[in-house]
Amino acid sequence: MSKQGDYQEEYQRSLKDPEGFWAEQAASLPWYRAPTEILRSDADGVASWFADGEMNTAYMALDHHVEAGRGDQLALIYDSPVTQQQAKYTYLALRDAVATFAGLLRAQGVSKGDRVVIYMPMVPEAVIAMLAVARLGAIHSVVFGGFAANELALRIDDAQPKVLVTASCGIEVDRVIPYKPLVDKALELCSEQPASCIVLQRPECQAELTSGRDLDWAQVIASAEPADCVPVRATDPLYILYTSGTTGKPKGVVRDNGGHAVALCYSMRTVYDMAPGEVFWAASDVGWVVGHSYIVYAPLLAGCTTVLYEGKPVRTPDAAAFWRVVEEHQVKALFAAPTAFRAIRKEDPEAAQLKQHNLDHLQYIFVAGERLDPSTYDWLREHSHKPVIDHWWQTETGWAICANLMGLDPKPSKAGSSSLPVPGYDVRILDDSGLELPAGEQGAIALRLPLPPGCLSTVWGNHERFLAGYLSSYPGHYVSGDGGYRDEEGYVFIMGRTDDVINVAGHRLSTGEMEEILASHGAVAECAVIGVDDQLKGQLPLGLVILKDGAAIEPEALEQELVARIREDIGAIACFQRALVVPRLPKTRSGKILRKLLRQVANGEDYTVPSTIDDPASVDEVAAQLKDLRNE
1 MSKQGDYQEE
11 YQRSLKDPEG
21 FWAEQAASLP
31 WYRAPTEILR
41 SDADGVASWF
51 ADGEMNTAYM
61 ALDHHVEAGR
71 GDQLALIYDS
81 PVTQQQAKYT
91 YLALRDAVAT
101 FAGLLRAQGV
111 SKGDRVVIYM
121 PMVPEAVIAM
131 LAVARLGAIH
141 SVVFGGFAAN
151 ELALRIDDAQ
161 PKVLVTASCG
171 IEVDRVIPYK
181 PLVDKALELC
191 SEQPASCIVL
201 QRPECQAELT
211 SGRDLDWAQV
221 IASAEPADCV
231 PVRATDPLYI
241 LYTSGTTGKP
251 KGVVRDNGGH
261 AVALCYSMRT
271 VYDMAPGEVF
281 WAASDVGWVV
291 GHSYIVYAPL
301 LAGCTTVLYE
311 GKPVRTPDAA
321 AFWRVVEEHQ
331 VKALFAAPTA
341 FRAIRKEDPE
351 AAQLKQHNLD
361 HLQYIFVAGE
371 RLDPSTYDWL
381 REHSHKPVID
391 HWWQTETGWA
401 ICANLMGLDP
411 KPSKAGSSSL
421 PVPGYDVRIL
431 DDSGLELPAG
441 EQGAIALRLP
451 LPPGCLSTVW
461 GNHERFLAGY
471 LSSYPGHYVS
481 GDGGYRDEEG
491 YVFIMGRTDD
501 VINVAGHRLS
511 TGEMEEILAS
521 HGAVAECAVI
531 GVDDQLKGQL
541 PLGLVILKDG
551 AAIEPEALEQ
561 ELVARIREDI
571 GAIACFQRAL
581 VVPRLPKTRS
591 GKILRKLLRQ
601 VANGEDYTVP
611 STIDDPASVD
621 EVAAQLKDLR
631 NE
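Take the sequence shown: its letter number 124 is residue 124 in full-length UniProt numbering, and every next letter is one higher.
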């Protein structure tokens, strides 16, 4: 695919003439009614893109390609090493499956604007359900299948779905995880109840169905009539995706239909250098934003073939799992989190298994979700002999903020940098007072408004939380919550979070929520949870707890109980494994726990004890314990 122009020229135009720039990008999509009002901003600077356009995302992703004569092209490849199964769907077959399931949902009362919660493993039916909801003009909210019942309940209560779609189980490397008991428990906790629950029965674990509420997918789909696409406005919501909030209450990021489709199509062409008919693989999960954007929507909107992988980077069956998929399905671009490649490297440090596979079709390896450490970057580039492109984006933005644009004007990469801002994003590095910092100085990374198409439009049911959480810190800017700097050439370096959300293997988790769980234990007087650097996962949570006076429990027993509580309330995905009993926590005189200082101490970094500290000796006490922990 030929490169399409000069980066600087395209980037500057996107900022100086956003309406003209994005109108051009929108023109390549099949609208029911093409937009004429390209950008509208409200008093708070919140952008509405393509407001008078009418469309349907599922139509753009499926029906349009069939009508254009490409119905026989592969749309979806399902590869499941955990079940030893594969399936392939053409655009025509996927369109028909989606239309039929949309008819099933319509028969259950789902219509435009209704919500449907999807709690599914990585099976084709998850993709079919998402697209079927979009086909009806309804709103899906996908919840990662590994989340505990309490987390699912919180999301059900917030989204208030008319229907819940689930499966009888998920399948891991060494175990089967029954989903239905988790769903039943979640619904017991909910104040809002869906009218029905559609259950995909998997042979590895059949679920008991609740009479009057639960429906067997295979039974009810047999009599379903296909449903047509329902036109929606570009600004109507496509989905809600919950992300951890610092209060512990999940935030429902709302994505619109029109801006989302335009931005993702643009990104497939410019960031990933993908053309119709080529194979794209995002090794993520549909429960996360990468799965939404780059397993389901972007590849199909762009007319590509997408890979849906039910497995792990290792142990399914070995450290060559990714390379086998790349070779077998002739993947052009692979996208995964750094933690996946750290796991592969750990089990195959000399890349012996990689060398057994033909990677000639693979042109690019993209990484995102957490900071790509230079050693993993160097290892991957050295052994794969492919360009390794680190890029930075968030659940809230839905697509890359910074990247090296492989389809436009590739630049030299720099280890530790996510390269340059993507057209549409006006990236600024600000100090505490909102002034822009010079090159090389670290500060808060903010995006000058308006945000480009594809970014969140609000927080579901709570627009004030959206304004307060993202737009209030620096007037006229969206605050990313990440800190970093730009070098003299404009390359952006992301150095970490500025709040208490930590990144565990690419998954954003709230330490505030974990603290609430630890504090609920009868023996715990006070606690803090910090993110500690980990070679494999990026970060791992560490609990620091102060016992109540007279608490009669051994530290080892307490740790086991706290680990079990986190697993029960959040799930194994939190990777919470250590809770350290400490005599006291370093605090300011106003009582604020110095979490940043604790992180620096735990990670063995240099630190300065602030003048506002209440008791300097408390730092030395904790530092000694954390040093012993590092040496274990």
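From the three backbone atoms N, C-alpha and C, an ideal C-beta is built for every residue, glycine too.
When you compare the stretch 247-258 with the stretch 73-93, are there three or more beta-carbon pairs, one atom per stretch, that lie closer than 8 Å?
No: fewer than three Cβ pairs fall under 8 Å.
How far does the alpha helix (DSSP H) with residue 511 in it reach, from first residue to last?
As a working mapping, residue 511 is identified with position 511 in the sequence shown. Counted as a single uninterrupted DSSP element, the alpha helix (DSSP H) harbouring residue 511 occupies residues 511-519.
What number of angstroms, rounded off, separates the C-alpha of residue 402 from the C-alpha of residue 101?
Stepping through the sequence shown from its first residue, residue 402 is reached at position 402. Stepping through the sequence shown from its first residue, residue 101 is reached at position 101. Going by the C-alpha atoms only, they are around 37 Å apart.
Throw me the rounded Cβ distance for the residue 10 and residue 423 pair, which I believe falls under 8 Å.
Within the sequence shown, residue 10 is the residue found at index 10, counting from 1. Within the sequence shown, residue 423 is the residue found at index 423, counting from 1. Rounded to the nearest angstrom, the Cβ distance from residue 10 to residue 423 is 5 Å, consistent with a contact under 8 Å.
Coarse secondary structure for residue 256, derived from DSSP in three states
Numbered from its first residue, the sequence shown carries residue 256 at position 256. The answer is strand: DSSP assigns residue 256 an E or B state.
Give a yes or no on contact between the stretch 271-281 and the stretch 295-311, applying the rule of three or more CB pairs nearer than 8 Å.
With a cut-off of 8 Å, the stretch 295-311 and the stretch 271-281 count as touching, because enough Cβ pairs lie within range.
Which ranges would you report for the beta strand (DSSP E) in the stretch 487-575 if only whole runs of at least 3 residues count?
Listed in chain order, the beta strand (DSSP E) runs fully inside the stretch 487-575 are 492-497, 501-504, 507-510, 524-534 and 538-547, counting runs of at least 3 residues.
Please confirm whether residue 29 and residue 296 have their CB atoms less than 8 Å apart.
On the sequence shown, position 29 is the one that residue 29 refers to. On the sequence shown, position 296 is the one that residue 296 refers to. No, they are not a contact pair.
Residue 139 versus 454, 573, 148 and 129, residue with shortest Cα-Cα distance:
On the sequence shown, residue 139 is found 139 positions in, with the first residue counted as 1. For residue 139, the closest C-alpha among the options 454, 573, 148 and 129 is that of 129.
Checking 8 Å against the spacing of the C-beta atoms, do residue 609 and residue 622 come in under that value?
One-based indexing of the sequence shown puts residue 609 at position 609. One-based indexing of the sequence shown puts residue 622 at position 622. For the pair residue 609 and residue 622, the CB atoms are not nearer than the 8 Å cut-off.
Could you check which residue in 181, 170, 41 and 271 has the C-alpha nearest to that of residue 203?
On the sequence shown, position 203 is the one that residue 203 refers to. When only C-alpha atoms are compared, the closest one is 170.
Contact belief for residue 495 with residue 286 at Cβ below 8 Å, rounded distance in angstroms:
In the sequence shown, counting from the first residue as 1, residue 495 sits at position 495. In the sequence shown, counting from the first residue as 1, residue 286 sits at position 286. Not quite, the Cβ-Cβ distance comes to about 30 Å (not below 8 Å), so this is no contact.
Sorted by chain position, which residues of the same chain lie with C-beta nearer than 6 Å to residue 198's C-beta, five sequence neighbours on each side aside?
Taking the sequence shown and counting its residues from 1, one reaches residue 198 at position 198. Scanning its chain for C-beta atoms nearer than 6 Å, with the 5 sequence neighbours on each side dropped, one finds around residue 198 the residues 165, 215 and 217, in chain order.
First and last residue of the uninterrupted alpha helix (DSSP H) at residue 96:
On the sequence shown, residue 96 is found 96 positions in, with the first residue counted as 1. Boundaries of the alpha helix (DSSP H) harbouring residue 96: 91-107, taken from the DSSP string.
Between the alpha carbons of residue 449 and residue 15, how many angstroms are there, rounded?
Locating residue 449 in the sequence shown gives position 449, where the first residue counts as 1. Locating residue 15 in the sequence shown gives position 15, where the first residue counts as 1. Looking at the two C-alpha atoms, the distance is approximately 10 Å.
Helix, strand or coil at residue 147 according to DSSP, with G and I counted as helix
Stepping through the sequence shown from its first residue, residue 147 is reached at position 147. The three-state reading of DSSP puts residue 147 in coil, since its state is none of H, G, I, E or B.
When 547, 497 and 505 are compared against residue 521, the one with the closest alpha-carbon:
Numbered from its first residue, the sequence shown carries residue 521 at position 521. Looking at 547, 497 and 505, the one whose alpha-carbon comes closest to that of residue 521 is 547.
If you check the beta carbons only, do residue 20 and residue 35 fall under 8 Å apart?
Translated into positions along the sequence shown, residue 20 becomes position 20. Translated into positions along the sequence shown, residue 35 becomes position 35. The Cβ atoms of residue 20 and residue 35 lie no closer than 8 Å to each other.
I'd like the span of the alpha helix (DSSP H) that includes residue 183, first residue to last.
Here residue 183 corresponds to residue number 183 of the sequence shown, with the count starting at 1. It spans 180-189 - the alpha helix (DSSP H) in which residue 183 sits, taken as one unbroken run.
Quick check on the DSSP output: the alpha helix (DSSP H) that includes residue 326 runs from which residue to which?
Position 326 of the sequence shown, counted from the first residue, corresponds to residue 326. Counting along the chain, the alpha helix (DSSP H) containing residue 326 begins and ends at 321-329.
Which residues bound the alpha helix (DSSP H) around residue 20?
To locate residue 20, count along the sequence shown from 1; it is residue 20. Counting along the chain, residue 20 sits inside the alpha helix (DSSP H) bounded by residues 18-26.
Residue 509 and residue 543 look like a contact to me (Cβ under 8 Å); what is the Cβ gap, rounded to whole Å?
Taking the first residue of the sequence shown as 1, we reach residue 509 at position 509. Taking the first residue of the sequence shown as 1, we reach residue 543 at position 543. With a Cβ gap of about 13 Å, residue 509 and residue 543 do not count as contacting.
Whole angstroms are fine: how far does the CA of residue 581 sit from the CA of residue 558?
Taking the sequence shown and counting its residues from 1, the one referred to as residue 558 is at position 558. Taking the sequence shown and counting its residues from 1, the one referred to as residue 581 is at position 581. Using only the alpha carbons, I get a separation of about 9 Å.
For residue 392, which beta-bridge partners are listed by DSSP?
Within the sequence shown, the letter at position 392 stands for residue 392. In the DSSP output, where bridge partners are listed per residue, residue 392 has 402.
Between the Cα of residue 239 and the Cα atoms of 116, 154 and 318, which residue gives the shortest distance?
Counting from 1 along the sequence shown, the entry for residue 239 is found at position 239. Closest by alpha carbon: 116.
Could you spell out where the alpha helix (DSSP H) holding residue 345 opens and where it closes?
What you label residue 345 is simply residue 345 of the sequence shown in a count that begins at 1. Run containing residue 345: 338-347, per the alpha helix (DSSP H) assignment.
Would residue 80 pass as a contact of residue 311 if the rule is Cβ separation under 8 Å?
Mapped onto the sequence shown, residue 80 falls at position 80. Mapped onto the sequence shown, residue 311 falls at position 311. Note that the C-beta distance between residue 80 and residue 311 is below 8 Å.
Inter-stretch contact (C-beta, 8 Å, three-pair minimum) for the stretch 343-363 and the stretch 312-327
Cβ pair count under 8 Å is three or more, so yes.
So residue 635 packs on residue 270, CB below 8 Å; how close in whole Å?
Given that the chain is displayed from residue 1 to residue 632, the structure contains no residue 635 and the question cannot be resolved.
Since I believe residue 44 is in contact with residue 467 (beta carbons under 8 Å), could you give me their beta-carbon distance rounded to a whole number of angstroms?
For this step, residue 467 is matched to residue 467 along the sequence shown. For this step, residue 44 is matched to residue 44 along the sequence shown. Indeed, because the Cβ distance is near 6 Å, the residues count as touching under 8 Å.
Presumed contact (8 Å Cβ cut-off) between residue 55 and residue 234, rounded CB distance
By 1-based counting over the sequence shown, the position of residue 55 is 55. By 1-based counting over the sequence shown, the position of residue 234 is 234. At roughly 6 Å, the Cβ-Cβ gap stays under 8 Å, so residue 55 and residue 234 are in contact.
Among all the DSSP beta bridges, which residues are the ones paired with residue 334?
Within the sequence shown, residue 334 is the residue found at index 334, counting from 1. In DSSP, residue 334 forms a bridge with 281 and 365.
Beta-carbon gap between residue 454 and residue 399 smaller than 8 Å:
If you number the sequence shown from 1, residue 454 lands on position 454. If you number the sequence shown from 1, residue 399 lands on position 399. Contact annotation: residue 454 and residue 399 have beta-carbon atoms nearer than 8 Å.
Given residue 614 as reference, the closest of 177, 594 and 627 once Cα atoms are compared
Here residue 614 refers to the residue found at position 614 when the sequence shown is read from its first residue. Among 177, 594 and 627, the Cα nearest to that of residue 614 belongs to 594.
With a threshold of 8 Å, are at least 3 pairs of Cβ atoms found where one atom belongs to the stretch 478-492 and the other to the stretch 437-446?
Yes: at least three Cβ pairs fall under 8 Å.
Check this for me: beta carbons of residue 257 and residue 236, under 8 Å apart or not?
The sequence position of residue 257 within the sequence shown is 257, counting from 1. The sequence position of residue 236 within the sequence shown is 236, counting from 1. The Cβ atoms of residue 257 and residue 236 sit closer than 8 Å to each other.
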